[in-house]
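In the working numbering, the protein residues as written are 1 to 219. The structure under discussion appears below in the form of structure tokens.
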Amino acid sequence: TVRSLAGSPTRNCIDTGSQSHGLAALPTAEDVSTDDFMKQLGHASQIIPLLHPHTSDKEMNEEESASLLEILSRQFSHSDGIRGFFAVYLTSPESQTVDEVPNVLANAVRGADTKIMVPLACMNVIMPTAMQSIHQDAELKECASKTASNGKKILRILKGNDEVINNCKAISRVCEDAEKGPEEEGTDNLTEYWEKFFVNYKYEEQQKKDIALAVSEFC
Numbered sequence: 001t002v003r004s005l006a007g008s009p010t011r012n013c014i015d016t017g018s019q020s021h022g023l024a025a026l027p028t029a030e031d032v033s034t035d036d037f038m039k040q041l042g043h044a045s046q047i048i049p050l051l052h053p054h055t056s057d058k059e060m061n062e063e064e065s066a067s068l069l070e071i072l073s074r075q076f077s078h079s080d081g082i083r084g085f086f087a088v089y090l091t092s093p094e095s096q097t098v099d100e101v102p103n104v105l106a107n108a109v110r111g112a113d114t115k116i117m118v119p120l121a122c123m124n125v126i127m128p129t130a131m132q133s134i135h136q137d138a139e140l141k142e143c144a145s146k147t148a149s150n151g152k153k154i155l156r157i158l159k160g161n162d163e164v165i166n167n168c169k170a171i172s173r174v175c176e177d178a179e180k181g182p183e184e185e186g187t188d189n190l191t192e193y194w195e196k197f198f199v200n201y202k203y204e205e206q207q208k209k210d211i212a213l214a215v216s217e218f219c
């Protein structure tokens, strides 16, 4: 069962820069494969500085990149790992100051089970977009905007994948309260899934409009 991110999607941006650098700081493959959501947050804080090293840090070699890819792939093998990683990554200053997703992370996202990864990646666009719509405070609004932008960067890695297209079409239908056409019979379960998600979070009209716009490029 895919679960949404825990906590507010507009958490204050997390500074992971104080974490120690180097592969010695990495959690084990077993840890990221089996630990629960809360522990995955800590694992993410150890991994992120390696994905975005400071200019003074030495770049990873091929062997080190392969080791990091293995850790990320294990972490992305289950919902708690994906949710925990992106809850930290999407709000981290390191990720918000670069335009491109690091190759190691992009490859791990591509290698994950799309049935698990795609709905969560969609939520990582939907939730901060919805918060951006309702925030009055300028700083919180900007933080939500940056998080939503980061969520799109991750979803773009999988752009064109059938799971992405079908989920985003279902999200758009829910946002627009549109009826399902004959050619979309197979996506009925997805529409029901996203309807329940939107009801759960009590998204209102303006939020739905903003979410529909945010996912339109993926449909």
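Glycine included, every Cβ here is placed at the ideal spot set by N, Cα and C.
Spatial neighbours of residue i within its chain, please: C-beta separation below 6 Å, excluding the five flanking residues on both sides.
i: L51; result: P102, L105
i: Q221; result: Within the shown structure, residues of the chain are numbered from 1 to 219, placing residue 221 beyond reach of any answer.
i: S73; result: A108, G111
If I follow the unbroken alpha helix (DSSP H) through residue i, where does it start and stop?
i: N114; result: One point to set straight first is that residue 114 is Thr, not Asn, in the sequence displayed. Counting along the chain, the alpha helix (DSSP H) containing T114 begins and ends at 114 to 134.
i: D188; result: 188 to 201
i: M38; result: 37 to 51
i: T34; result: 29 to 34
i: S77; result: Per DSSP, S77 belongs to no alpha helix (DSSP H) and is neither H nor E.
i: D162; result: 162 to 176
i: E204; result: Counting along the chain, E204 falls outside any alpha helix (DSSP H), and DSSP gives it neither H nor E.
i: C219; result: Careful: C219 lies outside any alpha helix (DSSP H) and carries neither H nor E.
i: N107; result: 103 to 111
i: K152; result: 138 to 157
Excluding the five sequence neighbours on either side, which residues of its own chain have a C-beta within less than 8 Å of the C-beta of residue i, listed in chain order?
i: N161; result: T114, V118
i: L158; result: V109, R110, T114, M117, V118, A121, V164
i: S172; result: A178, A212, V215, S216, C219
i: G7; result: Residue confidence for G7 is low, a pLDDT of 41 falling below 50, so the modelled location carries little weight and cannot support an answer.
i: L26; result: Q46, I47, L50, S67, L68, I71
Within the same chain, show all residues whose beta-carbon is closer than 7 Å to that of residue i, passing over the 5 residues directly before and after it, in chain order.
i: A170; result: T187, L190, T191, W194
i: G81; result: V32, Q40, Q75
Let me see if you follow: with CB-CB separation under 9 Å, is residue i close to chain D or not?
i: L140; result: Reference to chain D is not applicable here, since this structure consists of a single protein chain.
Problem set entry | Stretch-stretch touch, CB-based, cutoff 8 Å, three pairs: the stretch 29 to 46 with the stretch 81 to 92 | Enough Cβ pairs lie closer than 8 Å, so yes.
Problem set entry | Three-pair Cβ contact test at 8 Å for the stretch 146 to 158 versus the stretch 193 to 202 | Counting Cβ pairs under 8 Å, fewer than three are found: no touch.
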